[in-house]
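Written below as structure tokens is the structure these notes are about.
Protein chains: 2
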Amino acid sequence: MDFKDIDRLAAIVSHRDIDPGQVIFEEGETAEYAYNISRGEVRLYKLLPDGRRQITGFLGEGDFLGLVSDSTYAYGAEAMTPVELCSMRLTNLERLLADIPPVREKLLDMSRDELAAAQEQMLLLGRKTAREQLLSFLLHRLDQAESDAPESKLHLPMSRTDIADYLGLTIETVSRTFTALRDEGLIELPDTHTVVLPELEAVREAAGAF
Amino acid sequence: MDFKDIDRLAAIVSHRDIDPGQVIFEEGETAEYAYNISRGEVRLYKLLPDGRRQITGFLGEGDFLGLVSDSTYAYGAEAMTPVELCSMRLTNLERLLADIPPVREKLLDMSRDELAAAQEQMLLLGRKTAREQLLSFLLHRLDQAESDAPESKLHLPMSRTDIADYLGLTIETVSRTFTALRDEGLIELPDTHTVVLPELEAVREAAGAF
DNA sequence: CGAGCTGTTGACATTGCTCAAATTTCGTGG
DNA sequence: CCACGAAATTTGAGCAATGTCAACAGCTCG
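Note that the protein sequences, when read in sequence, are chains A and B.
Heads up: the first sequence runs through residues 904 to 1113, numbered per the numbering used here.
Heads up: the second sequence runs through residues 904 to 1113, numbered per the numbering used here.
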């Protein structure tokens, strides 16, 4: 991307702050903006008519949000922490993308990565036990964080409810499984939102590969 | 796409026949070819080390297969029926795609559609009951088939085992749920691989929206 | 200090799984 | 076309993992 392109991009972005728990957009809503997360953590989810929720992913700093081709969002998005978004009108963005091939390449790659992650999650939801699911989840978070976190210490910004809705479980099962893993010595729980994995090898084994 | 492009495309495709049950490629294998399905039905799946299987999708005539960006396939693929494939070397294909913008656009759209389908499947796997899953599955198949099948009659080329591995259930649960739905009058089962949905409205209701 | 979350734990219910057997379907050879 | 064996499907009985409902504990914020 050269300077001219960067200028064009800068011209169409603006800023948006979201409080924790606030909806960024809802499933089915007409898609007007796409976002890049400057700061904070976001959950994506789908709902059934009776309120059952499946969280389809967690996003963090640097991730893109709402890049859809048809006119509505396929899922809802909510801030889990204070979030700063860099927002772009989809119409402007599409026009821009059409002109900058490397960006389109990147977009396709990102989309394929997301798809691979979604398929991994299907395997988790369809075929793993609660214990394997939770361990896989922790390993996955650890992989993503690995850059800044030095050892196997992990911060979980989301609530037990969010974890449950991500793994297709209830909060009680998540809580019990955390306790069981702690009692086995596979994990440590210094506080509710912090997990330490002292035996990575054993955890990988017990998660059913990952 | 103009004639020149079509010629270039024709120059790099070749043909491959696969027998039912044969592996087309395996997860983790180095990705050499991408395919388009000329005829037949294919299942995509991921495996756990102990053999548990999650089918991530069923593909049919016209669908693309193995379009990956990194060097290995993210899932395995097997023929469910006799399959005819139109195969292309990924290296050639990538070079070609780089030159034909509309094809790339199409590819990105397809990838996004697949992602939306994957998220819908996560909702199904994580939050729906066996009954809702099976009904959702039937409605989904019906939607896809809708073009040629006149009424609500549906052919299921896959085995009960495949359906179970797609829905994250066991074959026994699939079988029992089929029977229960038949006894309730929500579906008819003229034979094992044929389902009739005489009350589409009621089915949609019972599937938890779709 | 009390109200209201969030998370944990307990007792029990239920869905879906496991193991086993009966039944049907289907391919193959006579 | 029929018979036979193998495979797929269905059905049954009991069980285990996970869900439901309820009580309790810990923390945060006014």
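Glycine is no exception: its CB is placed at the ideal position from the N, C-alpha and C atoms.
With contacts defined as CB atoms closer than 8 Å, Leu993 (chain A) and Ala934 (chain A) qualify as a contacting pair.
Beta-bridge analysis with DSSP links Met991 (chain B) to B:Val916 and B:Ala937. Within the same chain, and ignoring the five residues on either side of Ile915 (chain A) in sequence, the residues whose Cβ sits closer than 8 Å to its Cβ are Met991, Arg992, Asn995, Leu996 and Leu999. The contact set of Lys1009 (chain B) on chain A, defined by CB atoms closer than 7 Å, is empty, because the minimum CB distance reaches about 10 Å. Membership of Asp1046 (chain A) in any beta strand (DSSP E) is not indicated; the residue belongs instead to the alpha helix (DSSP H) covering Ala1033 to Ala1048.
Under the Cβ distance rule, Ser1014 (chain B) counts among the residues neighbouring chain A, one pair being separated by less than 8 Å. Gly924 (chain B) sits away from Glu1008 (chain B), with the two beta carbons spaced by 8 Å or more. Taking a Cβ-Cβ threshold of 9 Å, the residues of chain B close to Ala977 (chain A) are Arg1015, Leu1018, Ala1019, Gln1022 and Glu1023, in chain order.
C-alpha of Ser941 (chain B) to C-alpha of Leu988 (chain B): approximately 5 Å in a straight line. Nearest to Ala1021 (chain B) by alpha-carbon distance, out of B:Ala1033, B:His1058 and B:Ile958, is B:Ile958. For Pro1004 (chain A), the uninterrupted alpha helix (DSSP H) segment begins and ends at Pro1004 to Arg1030. By the CB criterion at 8 Å, Leu970 (chain B) and Val945 (chain B) fall outside the cutoff. Under the Cβ criterion of 8 Å, Gly969 (chain A) is not counted among the residues facing chain B. Residue pairing of Gln957 (chain A) in beta bridges, as defined by DSSP: A:Lys949. Here the C-alpha atom of Val1077 (chain A) lies approximately 20 Å from the C-alpha atom of Ala1105 (chain A). Residue environment: Val1099 (chain B) is assigned as exposed (fewer than 16 neighbouring CB atoms within 10 Å of its CB, all protein chains considered). For Ile1090 (chain A), the secondary structure class from DSSP, reduced to helix, strand or coil, is coil. The C-beta distance from Leu1027 (chain A) to Gln1036 (chain A) rounds to 6 Å, short enough to meet the 8 Å contact threshold. In the DSSP assignment, Ala1110 (chain B) falls outside any alpha helix (DSSP H) and carries neither an H nor an E. According to DSSP, residue pairing for Lys1056 (chain B) in a beta bridge involves B:Val1099. Under the DSSP assignment, Ala1067 (chain B) falls in the alpha helix (DSSP H) whose first and last residues are Arg1063 to Leu1070. Leu962 (chain A) carries a strand assignment under DSSP once its states are collapsed to helix, strand and coil. Here Ile909 (chain A) is exposed, its C-beta having fewer than 16 other C-beta atoms within 10 Å.
Against chain A, the CB of Gln957 (chain B) has a partner CB under 8 Å away; the residue lies at that interface. Sequence-distant partners of Glu932 (chain A) (beyond 5 residues in either direction) whose C-beta falls short of 7 Å from its own C-beta, in its chain, are Thr975 and Tyr976.
Closer than 8 Å to the CB of Leu1028 (chain A) there is at least one CB belonging to chain B. DSSP places Val926 (chain A) in the strand class (E or B) of the three-state scheme.
Nearest to Glu964 (chain A) by alpha-carbon distance, out of A:Asn939, A:Phe1081 and A:Leu950, is A:Asn939.
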